[in-house]
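Sequence lines, in order, name chains A and B.
Going from the first sequence to this note's numbering is simple: count from 1 and add 896.
Going from the second sequence to this note's numbering is simple: count from 1 and add 62.
Where is the CB? At the ideal position from N, CA and C, for every residue including glycine.
Computed from a predicted model, the values in this text were never measured in an experiment.
The next block holds one structure in the form of structure tokens; read it before the comments.
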Amino acid sequence: MALIELKNLHKRFGRLVVLDGVDLSIEAGQSLVILGASGSGKSVMLKHIVGLLRPDEGEVWFSGIRIDTLPERQLMPIRQRFGFLFQMGALFDSLTVAENIAFPLIEHTHKSASEIRQIVAERLRMIGLPGIGQKMPADLSGGQRKRVALARAIALEPEVILYDEPTTGLDPIRSDVINELILRLKRQLKITSIVVTHDMQSAFKVADRIVMLADGKLIADGTPQQIRQSDNPAVQRFVTGEASPEELSVLRDID
Amino acid sequence: MSLSLIETLGHSTNDALAAFGDFWRFVGRTLSWTIRGMFSWRNLRLLLPQMYEIGVRSVPVIAITGAFIGMVMAIETYTQFKTIGQEQRLGSIINLSVVKQIGPVLAAVMLAGRVGGALTAELGTMNVTEQLDAMRVMGADPIRYLVAPRFIACLILTPILTIYSDLLGVLGGWLVSVKSLGIPNEPYWIFSAQGVDTWEIMEGLVKSLFFGGAIGLISCYKGFNSGAGAAGVGRACTESFVASFIAIIVLNFFFAKLLRDWYEAIYGIVGIFG
Ligand SMILES: Nc1ncnc2c1ncn2[C@@H]1O[C@H](COP(=O)(O)OP(=O)(O)OP(=O)(O)O)[C@@H](O)[C@H]1O
Ligand SMILES: [Mg+2]
Chain A
897 MALIELKNLH
907 KRFGRLVVLD
917 GVDLSIEAGQ
927 SLVILGASGS
937 GKSVMLKHIV
947 GLLRPDEGEV
957 WFSGIRIDTL
967 PERQLMPIRQ
977 RFGFLFQMGA
987 LFDSLTVAEN
997 IAFPLIEHTH
1007 KSASEIRQIV
1017 AERLRMIGLP
1027 GIGQKMPADL
1037 SGGQRKRVAL
1047 ARAIALEPEV
1057 ILYDEPTTGL
1067 DPIRSDVINE
1077 LILRLKRQLK
1087 ITSIVVTHDM
1097 QSAFKVADRI
1107 VMLADGKLIA
1117 DGTPQQIRQS
1127 DNPAVQRFVT
1137 GEASPEELSV
1147 LRDID
Chain B
63 MSLSLIETLG
73 HSTNDALAAF
83 GDFWRFVGRT
93 LSWTIRGMFS
103 WRNLRLLLPQ
113 MYEIGVRSVP
123 VIAITGAFIG
133 MVMAIETYTQ
143 FKTIGQEQRL
153 GSIINLSVVK
163 QIGPVLAAVM
173 LAGRVGGALT
183 AELGTMNVTE
193 QLDAMRVMGA
203 DPIRYLVAPR
213 FIACLILTPI
223 LTIYSDLLGV
233 LGGWLVSVKS
243 LGIPNEPYWI
253 FSAQGVDTWE
263 IMEGLVKSLF
273 FGGAIGLISC
283 YKGFNSGAGA
293 AGVGRACTES
303 FVASFIAIIV
313 LNFFFAKLLR
323 DWYEAIYGIV
333 GIFG
């Protein structure tokens, strides 16, 4: 049985149809990459998986439980099994970096203060930012904030981690370290990963399956190899990073 | 044409009802966390900073408003009382108005502006930067972490701040009446004591407890449901103040009616002229 299942998911905001019948099932231990143009609804899809958004139509299942209809209180224990890296980080700006990372640990474990301090230091080392625990999020750069948010998402060693653009805003070397981190979490702890990214190098490195979202539907689904060789022109252009003549036509006026 | 008008009307009625239901669900969850949270010392860590922010930092503005209201009351009523030769009784009407009506209501309105605006802005910003979602995803209910402590702080501190406002209002009224308008000190206090009894003071304080609760709930709710971006947060702050203000005024009317009925049932009709 699949760990996560989205069945015929529909979501619209006012008149804007964002998801228009998404079907997707994700096996435990898999690492899935979601591709899609900016504004195609990738973040919206991720939020449905943890019940932050409710579908207008369709179902969301997690390990045999239907979660899109569960009341908030019953979602709480299920959400503890997820880690979520928000696209903008979403660090608590009234807490220090260390307190941010410790938040889920204090909330859900009975670890002592010194154990928590140790885990926080360990996580900060993993993301390459040792010793910044006492800083406030406002004092960090965008990329540093993203990495701290990643540290917070993996603090509890959850079963499933959802990464919303983990490498955006990072330099190429740091990006590669994050890719390695995602791979290692998957291999060593058997964590299921769902990664939204625009970074093709990162996508092909971490994925064992890639799907692509366009016009509210999944238009491609396969192994990295299959996606690379896809004969769908939209997928091809996305992978090679080339705009279509129609997309370039908006620039014609400049000439 | 007329059909689409009916449809629009139907939609907006529907939205309004949904928002109303949503608000009361929010209130229910806040009350439930408030009651459960009372038995845990750990929550003091969340409560104390809010008490400081909401309470201590509001004292100056509350004190100034109270004092000036007392002083204005004295100036305005003096002429009226003098024409009927009853200016010695000035204290009774000033102090009665201050502790029963103007003190609690103005203190609450000031707090709705100062505290309510700050709460809505803070929580609204957390909403648009997805910090509330982040908390939910980590399996923590933001109502427990953010709303319950702010609600409790408003509930406890509004009556306390109202006492300050009352006190300064009484002093301000006395200052103008006795020191400037020349009413003799002793009769001023005697008539004041006649005009105001414990019931009236308590009425003001009980009201302010409800005003405080309304301010806390409305401003947190508006923050949690703010629209996107800086503009969304700004609009939420305005709406929050307007809604709190209306709630205060309406609650005040119902308290006046209800408590008057009870008072008459217990003591019969008693006027300030004894
Ligand atoms: N809470 C919301 N209310 C209204 N509209 C929303 C909301 N969330 C998302 N949208 C809209 O849904 C569409 C998809 O948004 P989403 O954030 O999922 O895009 P995305 O694929 O993650 O894009 P990007 O790669 O730029 O992050 C956008 O047009 C956005 O304006
Ligand atoms: Mg996104």
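For the pair Ala1045 (chain A) and Leu971 (chain A), the CB atoms are not nearer than the 7 angstroms cut-off. Close to chain A, meaning a Cβ-Cβ distance shorter than 7 angstroms, are the following residues of the segment 179-198 of chain B: Thr191, Glu192, Gln193, Asp195, Ala196, Arg198.
Ala290 (chain B) and Ala196 (chain B) have their C-alpha atoms spaced approximately 16 angstroms apart. A check of alpha carbon separations from Leu1109 (chain A) across A:Asp1149, A:Leu1079, A:Gly1039, A:Val914 identifies A:Val914 as the nearest. With respect to chain B, the C-beta atom of Glu1003 (chain A) has a partner C-beta closer than 7 angstroms. Around the beta-carbon of Asp1067 (chain A), fewer than 16 other beta-carbon atoms lie within 10 Å, marking it exposed. Of the residues A:Ala933, A:Phe982, A:Gly1039, A:Ala1047, the one whose Cα lies closest to the Cα of Gln193 (chain B) is A:Phe982.
Using a CB distance cut-off of 7 angstroms, Ala210 (chain B) does not count as an interface residue toward chain A. Fully contained in the segment 936-1012 of chain A are the following alpha helix (DSSP H) runs of length 4 or more, in chain order: 938-945, 968-975, 993-1004. The contact set of Ala202 (chain B) on chain A, defined by CB atoms closer than 7 angstroms, consists of Glu1003 in chain order. Per DSSP, Leu1058 (chain A) is one residue of the beta strand (DSSP E) stretching across 1056-1060. DSSP, reduced to helix, strand and coil, places His1094 (chain A) outside both helices and strands of the structure shown, so it counts as coil. Using a Cβ-Cβ cut-off of 7 angstroms, Leu948 (chain A) is close to Asp195, Arg198, Val199 of chain B, given in chain order. Among the residues facing chain B, Gln1040 (chain A) is not included, as its CB has no counterpart in that chain under 7 angstroms away. Taking 7 angstroms as the CB threshold, Arg962 (chain A) stays off the interface with chain B. Taking 7 angstroms as the threshold, the shortest C-beta distance from Gln976 (chain A) to chain B falls below it. Between Phe88 (chain B) and Tyr283 (chain B) the beta-carbon gap is near 5 angstroms, inside 8 angstroms, which marks them as a contact. Under a criterion of Cβ atoms nearer than 7 angstroms, the residues of chain B adjacent to Pro1000 (chain A) are, in order, Met200.
Comparing alpha-carbon positions, the option among A:Ile974, A:Leu905, A:Glu1143 lying closest to Ala202 (chain B) turns out to be A:Ile974. Secondary structure of Leu912 (chain A) (DSSP, three-state): strand.
The straight-line gap separating the alpha-carbon atoms of Val121 (chain B) and Met135 (chain B) is approximately 21 angstroms. Nearest neighbour of Tyr114 (chain B) by Cα position, chosen from B:Glu326, B:Gly296, B:Val177, B:Ile137, turns out to be B:Val177. Contact annotation: the segment 299-308 of chain B does not touch the segment 251-263 of chain B, with fewer than three C-beta pairs closer than 8 angstroms. At a cut-off of 7 angstroms, the C-beta of Ala1130 (chain A) has no neighbouring C-beta in chain B.
Across the set A:Ser939, A:Gly1024, A:Ile997, the C-alpha of A:Gly1024 shows the shortest separation from the C-alpha of Glu1076 (chain A). Under a criterion of Cβ atoms nearer than 7 angstroms, the residues of chain B adjacent to Met984 (chain A) are, in order, Thr191, Glu192. Residue state for Ser288 (chain B) is assigned as coil, using DSSP reduced to three classes. Residues of the same chain with a CB within less than 7 angstroms of the CB of Leu233 (chain B), apart from the 5 flanking positions on each side, are Ala129, Gly132 in chain order.
The beta carbon of Ala1116 (chain A) is closer than 7 angstroms to those of Val1107, Met1108, Ile1123, Ser1126, Asn1128, Val1131 in its chain, skipping five residues each way along the sequence. Flagged as an interface residue toward chain B: Phe980 (chain A), by a C-beta distance shorter than 7 angstroms.
Look at Glu1076 (chain A) here: in three-state DSSP terms it is helix.
In this chain, the beta strand (DSSP E) harbouring Met1108 (chain A) covers 1105-1110. The chain-ordered list of residues whose CB is nearer than 6 angstroms to some heavy atom of ligand 2 reads A:Lys938, A:Ser939, A:Gln983, A:Asp1060. Rounded to whole angstroms, the Cβ separation of Leu168 (chain B) and Ser239 (chain B) is 19 angstroms, and the two are not in contact under 8 angstroms. Considering only B:Cys216, B:Val312, B:Arg151, B:Gly186, the residue with the shortest C-alpha distance to Gly235 (chain B) is B:Arg151.
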